[in-house]
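Following: one structure in structure tokens, then a few remarks.
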Ligand SMILES: C[S@@+](CC[C@H](N)C(=O)[O-])C[C@H]1O[C@@H](n2cnc3c(N)ncnc32)[C@H](O)[C@@H]1O
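In this note's numbering, the protein residues as written are 1 to 401.
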């Protein structure tokens with residue numbers, strides 16, 4: 001048994017969310033880790049994202065003073081400036097459709113979309129006037145922040161619609177781009193460990209009114225199919241996360257898209273790297289006020305929980321449901337392909353633009369830990385600028401042998 005006992009006070013029996021979970025465990029039995037993570041992040045009353053970053057928080061958890069973590073859009077509009085170049089190219093490949101759907105799923109504070117609109121308008125091309133924005137956001141607290149951030153654009157008449165989930169978008173109705181940044185790493189994951197006699201799953205149990213991890217039989221055979229589908233054979237003792245929700249998600253994305261490109265930016269790896277010995281304890285992490293923990297039972301409902309994305313799984317599942325893999329690269333190469341260097345040319349070294357560009361490009365930081373997967377449907381071989389410099393060989397997303 002791998003013990004993670006609450007030791008920070010916040011997740012003690014005094015915490016209402018832990019109390020709710022321990023009661024649920026008493027009534028229905030141990031929770032799969034995925035169910036625990038779902039509640040910790042998305043419980044309607046206490047979940048970290050549903051409350052906008054924890055009940056005790058009054059400011060945003062994303063970027064700025066007192067936040068829990070930074071994301072690329074929260075650092076600088078430079079990502080949006082680069083992305084607009086990519087959107088314009090996609091628009092051209094689509095033949096400048098009368099309506100270009102720009103879907104962002106999990107838009108957080110709405111910063112990226114706000115900056116995208118600003119840049120798009122400044123470019124003075126025809127794309128801006130044809131944009132129809134759709135924000136897919138399950139958290140009411142974040143929807144409020146997005147509405148505030150985007151109110152001025154809505155007042156200017158930019159088409160903007162909010163939906164809670166992808167099921168609310170009619171199948172095959174979208175032409176344009178489906179964008180997400182740090183969405184998939186926020187989906188609840190199952191946790192598994194390979195033992196001598198096969199795979200075991202992590203459950204959460206109640207131990208004296210505190211939460212504790214316990215290994216048990218698999219809750220679903222899909223966990224085995226996930227690994228065998230990628231030809232992965234884990235060594236004994238290896239712990240990893242399995243994001244079954246991401247598999248369903250990319251299928252739904254394929255379903256709603258008629259013609260266009262899916263751009264997924266996130267922490268993550270190809271299958272080869274995901275199951276490399278250095279990740280033998282998995283990739284699960286908690287973020288609270290910029291401190292990182294591997295203990296998910298600390299500050300439940302008050303800390304973000306994430307697990308890295310398996311891009312091979314997204315690409316492979318996508319291929320099965322009509323999304324062709326356009327390419328895969330890292331953030332550094334993506335931004336360079338889109339001309340980030342030109343965008344900061346001539347600026348002072350000490351300027352915000354240069355400083356944040358350097359942060360996004362950092363070879364031992366965001367530039368390489370963040371990856372960009374592009375998938376397309378209904379466009380013939382779109383050689384896109386963001387993929388001009390590939391950080392990997394073409395076959396990198398193929399399965400491990
Ligand atoms: C880590 S934040 C990233 C925010 C933003 N994209 C950024 O980069 O700053 C994750 C976002 O995804 C949203 N989210 C998570 N799961 C979701 C789902 N299934 N459907 C819609 N939104 C979701 C969260 O509420 C939050 O807005």
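Backbone N, C-alpha and C define an ideal beta-carbon position, used for all residues, glycine too.
Item	Value
Alpha helix (DSSP H) runs wholly inside the segment 19–98, at least 4 long, in chain order	33–42, 72–75, 78–93
Ligand 2 heavy atom lying under 7 Å from the CB of residue 274	Within the structure as shown, ligand 2 is missing, the only ligands being ligand 1.
Run of the beta strand (DSSP E) containing residue 134, from where it starts to where it stops	131–136
The segment 191–208 touching the segment 28–36, judged by at least three CB pairs closer than 8 Å	yes
7 Å Cβ shell around residue 89 - same chain, five flanking residues per side excluded	384, 385
Anticipated Cβ contact below 8 Å, residue 184 with residue 270, distance rounded	Not a contact, Cβ separation roughly 14 Å.
Terminal residues of the beta strand (DSSP E) in which residue 202 lies	198–207
Residue 407 Cβ short of 7 Å to ligand 1 heavy atom set	Nothing about residue 407 can be read from this structure; the chain reaches only from 1 to 401.
Any non-hydrogen atom of ligand 1 within 7 Å of residue 44 CB	no
Coil, strand or helix - residue 251 by DSSP	helix
Residue 333 in three-state terms, based on DSSP	helix
As assigned by DSSP and simplified to three states, the class of residue 147	helix
Residue interval of the beta strand (DSSP E) (run including residue 242)	239–242
Limits of the alpha helix (DSSP H) - the one that residue 323 falls within	Counting along the chain, residue 323 falls outside any alpha helix (DSSP H), and DSSP gives it neither H nor E.
Contacts around residue 38, its chain only, beta-carbon distance under 6 Å, and the 5 residues preceding and following it disregarded	188
Neighbourhood of residue 266 by C-beta, 6 Å cutoff - its chain only, sequence neighbours within 5 removed	182, 184, 185, 309
Cβ-Cβ separation, residue 134 to residue 103 (assumed contact under 8 Å), whole Å	4 Å
Bounding residues of the beta strand (DSSP E) (the contiguous stretch that carries residue 212)	210–216
Sequence ranges, alpha helix (DSSP H) only - wholly within the segment 357–388, length at least 4	366–369
Proximal residues to residue 389 (C-beta, below 6 Å), its chain only, five neighbours per side dropped	333, 336, 337
8 Å Cβ cutoff met for residue 74 and residue 63	yes
CB of residue 131 within 8 Å of CB of residue 110, strictly	no
Helix, strand or coil at residue 171 according to DSSP, with G and I counted as helix	coil
Own chain residues within Cβ distance below 6 Å of residue 391, not counting five before or after	329, 330, 333
Residue 190 burial status per 10 Å Cβ neighbour count (16 or more: buried)	buried
Residue 108 Cβ short of 7 Å to ligand 1 heavy atom set	yes
Closer than 7 Å: residue 73 CB and nearest ligand 1 heavy atom	yes
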